[in-house]
Amino acid sequence: MGHKINPTGFRMGVTESHRSVWFAKGLKYSQLVLQDHNIREHLKQKFYGAAIEKIILERKADRLVVTLFAGRPGVIIGKRGAEIDALTKNLEKLAGQAVKVQIQEVRKPDICAQLVAENVAEQLERRGSFRRAMKRAVENAMREGAKGINIKISGRLGGAEIARVEHDHAGSVPLNSLNSRIDYGYAVSRTTAGSVGVRVWVNHGKYADQKEN
Numbered sequence: 074m075g076h077k078i079n080p081t082g083f084r085m086g087v088t089e090s091h092r093s094v095w096f097a098k099g100l101k102y103s104q105l106v107l108q109d110h111n112i113r114e115h116l117k118q119k120f121y122g123a124a125i126e127k128i129i130l131e132r133k134a135d136r137l138v139v140t141l142f143a144g145r146p147g148v149i150i151g152k153r154g155a156e157i158d159a160l161t162k163n164l165e166k167l168a169g170q171a172v173k174v175q176i177q178e179v180r181k182p183d184i185c186a187q188l189v190a191e192n193v194a195e196q197l198e199r200r201g202s203f204r205r206a207m208k209r210a211v212e213n214a215m216r217e218g219a220k221g222i223n224i225k226i227s228g229r230l231g232g233a234e235i236a237r238v239e240h241d242h243a244g245s246v247p248l249n250s251l252n253s254r255i256d257y258g259y260a261v262s263r264t265t266a267g268s269v270g271v272r273v274w275v276n277h278g279k280y281a282d283q284k285e286n
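In our numbering, the protein residues as written are 74 to 286.
1. Whose CA, out of A168, S262, E195, V148, lies closest to the CA of K133?
2. Looking at E126 and V193, is the spacing between their C-beta atoms short of 8 Å?
3. Using a 10 Å radius around the Cβ and a threshold of 16 neighbouring Cβ atoms, would you call A97 buried or exposed?
4. Three-state secondary structure (DSSP) at F120?
5. Give every residue of the same chain whose Cβ lies closer than 7 Å to the Cβ of R237, excluding the five residues on either side of it in the sequence, and list them in chain order.
6. DSSP three-state call for N213: helix, strand or coil?
7. What does the Cβ neighbour count give for Y121, buried or exposed, with the cut at 16 atoms within 10 Å?
8. With DSSP as the reference, label G270 as helix, strand or coil.
9. Here's the rule: buried if 16 or more other CB atoms are within 10 angstroms of the residue's CB, otherwise exposed. What is N286?
10. If I follow the unbroken alpha helix (DSSP H) through A186, where does it start and stop?
11. Flag this pair as yes or no: are the beta carbons of R145 and A123 separated by less than 8 Å?
12. Buried or exposed: I235, going by 16 or more other Cβ atoms within 10 Å of its Cβ?
13. Touch check for the segment 252-265 and the segment 182-191: three-plus C-beta pairs under 8 Å?
14. What residues in its chain sit with their C-beta under 8 Å from that of K208, if we drop five residues either side in the sequence?
15. For my contact list, H277 and I184 are in at a C-beta cut-off of 8 Å; report their separation, rounded to the angstrom.
So, in structure tokens, the structure goes:
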């Protein structure tokens, strides 16, 4: 069952925190869910080159707090914070209320599953070798201290007529253990032969070991 469920959703509320932090009643709930989706899509498209790992939206009584975790925060901030000011105004129009934008830097993008998946997908779009892309990603992750990593690529690889699945891995990735911090990422590569899915699982170790350190 480990491969049939989203590892993040499996751990949500147990060892993983929610990406949207707010509460609403009635029809407003669905409206805010749609608004969250639109905000996330807007940010990912506008700052595609910023390597955004995740976006946390926290709604308070008087404002919306948007926290972006990015591998290249300078792309979002801009010169002297000019991009932040423009971004805040755009988000206030989308949300219809005051917005506060916070930027958190992802210090080790090589062991961030979402950024690894997007990096591999980008290499495939540039017609790079999928085996070389996977091997390099696995080596970089293990060098940065990951306990294990698993990468799966599915689709018409290398322009082949028949779609297939290829994978590369190193270390251990226990998907059924709630005690292990498993990071999951997914990206789609739009190649000339069709869409290729890239899935990445990264094991950061046990939560108990991290608390002791």
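For glycine and all other residues, C-beta sits at the position ideal for the given N, C-alpha and C.
If we stick to the structure as given:
1. Here residue 133 corresponds to residue number 60 of the sequence shown, with the count starting at 1. Looking at the Cα atoms, A168 is the closest of the given residues.
2. Translated into the one-based positions of the sequence shown, residue 193 becomes position 120. Translated into the one-based positions of the sequence shown, residue 126 becomes position 53. Not closer than 8 Å, so no.
3. Against the sequence shown, residue 97 aligns to sequence position 24. An exposed status is given to A97, since fewer than 16 other beta-carbon atoms sit within 10 Å of its beta-carbon.
4. In the sequence shown, counting from the first residue as 1, residue 120 sits at position 47. Coil, per DSSP.
5. For the purposes of this step, residue 237 is taken as residue 164 along the sequence shown, with counting starting at 1. If we look at R237 and ignore the five residues flanking it on each side, its Cβ neighbours are L230.
6. One-based indexing of the sequence shown puts residue 213 at position 140. N213: helix per DSSP, three-state reduction.
7. Position 48 of the sequence shown holds residue 121. So Y121 counts as exposed.
8. Sequence index remark: in the sequence shown, residue 270 carries index 197 (1-based). G270 falls in the strand class under three-state DSSP.
9. Here residue 286 refers to the residue found at position 213 when the sequence shown is read from its first residue. Low local confidence applies: a pLDDT of 49 at N286 is under 50, so the model's placement there is unreliable, with the coordinate-based value given in what follows. Classification of N286: exposed, given that the 10 Å Cβ count is below 16.
10. Your numbering for residue 186 matches position 113 in the sequence shown. First-last of the alpha helix (DSSP H) with A186: 186-198.
11. Counting from 1 along the sequence shown, the entry for residue 145 is found at position 72. Counting from 1 along the sequence shown, the entry for residue 123 is found at position 50. A contact, by the Cβ cut-off of 8 Å.
12. The residue you call residue 235 lines up with position 162 of the sequence shown. When all chains shown are included, I235 counts as exposed.
13. yes
14. As a first step, residue 208 must be located in the sequence shown, where it is residue number 135. Cβ neighbours of K208 beyond the five flanking positions: D241.
15. Here residue 277 corresponds to residue number 204 of the sequence shown, with the count starting at 1. Here residue 184 corresponds to residue number 111 of the sequence shown, with the count starting at 1. Rounded, the Cβ-Cβ distance is 7 Å, consistent with contact.
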